[in-house]
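All remarks here apply to the structure that follows.
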Amino acid sequence: MENENILENLNLEQKKAVQTTDGPVLILAGPGSGKTKVLTHRLSYLIKQGIPGQNILAVTFTNKAADEMKKRTIKLLTPLDAARLTGFIGTFHSFCLKILRKEIDKLDYKKNFVIYDEDDQLNLMKEVIKNLEINQEQFPAKRALHVISSLKNETIDYETYRENAQEYFEKTIAKIYQAYQLNLKQNNALDFDDLIMLTVKLFENFPEILEFYQEKYKYIMVDEYQDTDPSQYKLIKLLSSKYRNVCVVGDDAQSIYSFRNADFRNILNFEKDYPQAKVITLDQNYRSTQNILDAASKLISKNVYQKPKNLWTKNPSGPPISIIGTWDEKNEAEFIVQKIKEFLKQGYKLHDFAVFYRTNAQSRAIEEAFIKNNVPYKLIGAIRFYQRKEIKDIVSYLKYIAVNDSMSLKRIINTPTRGIGKITLDKIIKNGIERVAEEKPEVGIFHKFIQKAKEIAIKNPLTKLLKFILKEIDYQNYLRKTYGDNELQAGLSEDEARWQNIEELINVGAEYDKLPAQDGLKEFLEKTALLSDADEIQNNKEVVHLMTLHTAKGLEFPIIFIIGCEEGILPHSRSLLNPLDIEEERRLFYVGITRSKTHLHLVVSQRRTSWGSKEANMPSRFLSEIPEHLINYEEYNGEIKDLIDF
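Residues 2 to 647 (the working numbering) make up the sequence shown, in order.
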């Protein structure tokens, strides 16, 4: 039978998940249960069953997950079958982007819109609040953006919000929201949240467009369903409402993104939304030891709102979970360095280790200890490649060349300096660059350069355009003048390190050179706008990985240290008064624990520096929820179990 190879090496529940193709399906996938394997085998099975590839939609949350899904699915298929995999596999945002590129004119937008990243959004918001003469202390730009993002995640547009606004705060946000949206539209730009909100709006307002995509995507798969926000939930509900062949995969116990408006009730209520749903639970774990799984299961059982699972494995019981008491954060970091050195002597590699923490600020003491002891490390979720100043400078040139948006113009007009003042810049934005170029020679020179760059963009590969920009603005010399005196590690000056990033940007650009000229520029701008932290993690590098517990989701390491296991840190102080927030903190701890393959270290500090002084801490309540027989209390510099007195 031709499907036999697809079903090989799957356990009973995995086979059931792969073979249940019609109607609504909920796959509850515990950590390390082979979720990606099931998704890829299910995709392959659909193709083998004769489902037309173009009728399949598979959505994920990161480009990395989507790329892995594609690659692994193609490996399972013959070249002939793989060629039929012509549906869409990608992120929610990239799926909506694809639709909007074709259909957004129905909503009175231009199809060649750009996507504003967080910095672009923040700069625009600051400008909006200033122009509205609203008190920026009462309504900081970041706060306003957060509120508007939440509204967009609920698919509430500014007209609807304005109609229902009653309090002073709501009425002011309504004004800001309206001005922000109109400015975005004027700049022919969308922000991330617009991508999904406008697609939902399109489907709701134009039934014929919705029906077209319902016919196109008759089989829908959604990864990490517990992380969907209301707009993503609504999008899937609309698309699946005709044929109802929707398969969602996720784990309510790993829902940790409520601050991004993710609603774990979406997965808990799936059977209410789809009464005919089949529920399949994947509870066999292939990653961790039984001790780790028992600890995780006991911990998460304390949550009221959950779908119970019984995690088990054929792996050995493994060593007990280590709980370590240290004196302070410096002592905590010294312990981790010492422990890593011990494991390295046993044959482990640096990439086998990860340090997790609740907030980014906790990494400082660890970083200092690693630098002092020459332990190579990589900080995940710090300044990402595409968020670095030099990269944003050049990408802003590309954006302006593509669509003339004012936010990019403001960034590049004096980078490097051209002596163009704010009054002149305001005139350019108000009256157009052509008119001002006739009056001001410096603007005329800049305008000619941009026109020439646009001509190159139309006919030439992306790298030629990049090299032209860099040469014309003499960017390497600009970096030398700006940063040349600053020394960095590894013998590089700061300007050299930044120029190396520019060289890497050209390498990235080369990947788009095979596309037609304007398509290469457009796809490059789209790809860079949609990248996330998780897309940058590479486990093959010989470094210890440092990251927050939120960033750790979806990863695995043989040896893990979770630091700051104290009340007020994990669980976070902001969650202490709300039982639902405590449940999310517990889920976050559960995610951290279940990343570990064999060795798990939970570190408690008796004192931690806060606002310049040492403060005493209580051990996290979550530690007391792990059964005693699974724990080994370790001593470090005389700090023993007495320090962790429950």
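Just so it is clear, CB atoms sit at the ideal spot from N, CA and C, and this is done for glycine as well. Treat the numbers as computed from the prediction; the structure is a model and nothing was measured.
C-alpha of F265 to C-alpha of S151: approximately 16 Å in a straight line. By the CB criterion at 8 Å, R436 and M222 fall outside the cutoff.
Counted as a single uninterrupted DSSP element, the stretch harbouring Y349 is not any alpha helix (DSSP H), since DSSP gives it neither H nor E. Per DSSP, the unbroken beta strand (DSSP E) holding G251 starts and ends at 247–251. Going by DSSP, H546 is part of the beta strand (DSSP E) stretching over 545–549. Taking 8 Å as the upper bound for CB-CB distance, F89 and L300 are not in contact here, some 37 Å apart.
Comparing alpha-carbon positions, the option among A59, R85, N206 lying closest to L108 turns out to be N206. A distance below 8 Å between beta-carbons, with the five flanking residues on each side excluded, links K238 to the following residues of its chain, in chain order: D274. If you look at A366, you'll find it in the alpha helix (DSSP H) that goes 364–373. Between the C-alpha atoms of L581 and G433 there is a straight-line separation of about 52 Å.
Membership of P231 in any beta strand (DSSP E) is not indicated; the residue belongs instead to the alpha helix (DSSP H) covering 231–241. The alpha-carbon of A175 is positioned some 20 Å away from that of A190. Excluding its 5 nearest sequence neighbours in each direction, K279 has C-beta neighbours in its own chain below 6 Å: T21, V26, listed in chain order. I474 and F336 have their alpha carbons spaced roughly 50 Å apart. With a 10 Å radius around the Cβ and a threshold of 16 neighbouring Cβ atoms, I372 comes out exposed. Rounded to the nearest angstrom, the gap between the Cα atoms of T156 and V404 is 26 Å. According to DSSP, Q285 shares a beta bridge with W313. Within 10 angstroms of the beta-carbon of M619 lie fewer than 16 other beta-carbons, which makes it exposed. The C-alpha of T290 lies about 29 Å from the C-alpha of K76. T610 is bridged by DSSP to K615. Inter-residue distance for G445 and G422 is about 14 Å (C-alpha atoms, whole angstroms). Looking at the backbone, the Cα of K455 and that of G251 are separated by about 45 Å.
Shortest Cα-Cα distance from T63 to any of S34, S95, T79, D427 involves S95. Per DSSP, the continuous beta strand (DSSP E) segment holding G326 begins and ends at 322–327. Contact check for I560 against G593 fails: the beta carbons are separated by 8 Å or more. With a threshold of 16 other beta carbon atoms within 10 Å, Y169 falls short and is exposed. Taking C-beta atoms as the reference points, P32 and N286 count as a pair closer than 8 Å. Measuring C-alpha to C-alpha distances from I451 to each of L240, L466, K441 identifies L466 as the nearest.
With a cut-off of 8 Å on Cβ pairs, the region 500–515 is in contact with the region 381–401, counting three or more such pairs. The three-state reading of DSSP puts P25 in coil, since its state is none of H, G, I, E or B. Its chain contains L463, T464, L467, F525 as the residues whose beta carbon lies nearer than 7 Å to that of G510, once the 5 sequence neighbours on both sides are disregarded; these appear in chain order. Counted as a single uninterrupted DSSP element, the beta strand (DSSP E) harbouring A59 occupies residues 57–61. Where E635 is concerned, the enclosing beta strand (DSSP E) starts and stops at 632–635. For K235 against D194, the beta-carbon gap comes to about 13 Å, at or over 8 Å, which does not count as contact.
Sequence-distant partners of K243 (beyond 5 residues in either direction) whose C-beta falls short of 6 Å from its own C-beta, in its chain, are Q215. Sequence-distant partners of T425 (beyond 5 residues in either direction) whose C-beta falls short of 7 Å from its own C-beta, in its chain, are V437, K441, V444.
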